[in-house]
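Trainee: Just so we're aligned: 231 in the numbering used here is position 81 of the sequence shown, and the numbers increase by one with no gaps anywhere. Ideal Cβ positions, reconstructed from N, Cα and C, are used throughout, including at glycine. Structure provided below as structure tokens; questions to follow.
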Amino acid sequence: MATTNGASPEKTLFEQQREQLLGDVAASLENVLQNINKLNRSLEGVIAVGDEFGQVEGLWSQFENVMSKEPEPPKEEAKEGAE
151 MATTNGASPE KTLFEQQREQ LLGDVAASLE NVLQNINKLN RSLEGVIAVG
201 DEFGQVEGLW SQFENVMSKE PEPPKEEAKE GAE
């Protein structure tokens, strides 16, 4: 045990280990925070690229809708006018 005789008491082994572990935890949490920020930036980039394809997807959808329609039979007026 530490004695108090005017000088600052020495830290116990428990307190030294606790400070070391707290420092390690703080450093690890900082590392996790940095990695989460990197991931967030990467996801924002992926979303931005995906948004750029929105117009292309819309055009392909319109093309698909046009191509999937059945052709209309010729009108009777066109047949009579040709005779």
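Rounded to the nearest angstrom, what separates Gly195 and Asn187 at their Cα positions?
Mentor: The straight-line gap from Cα to Cα measures roughly 12 Å.
Trainee: Can you give me the start and stop residues for the alpha helix (DSSP H) that Phe213 sits inside?
Mentor: Gly204 to Ser218 is the extent of the alpha helix (DSSP H) around Phe213.
Trainee: Under a three-way DSSP split, which group does Glu222 fall into?
Mentor: DSSP places Glu222 in coil when its eight states are reduced to three.
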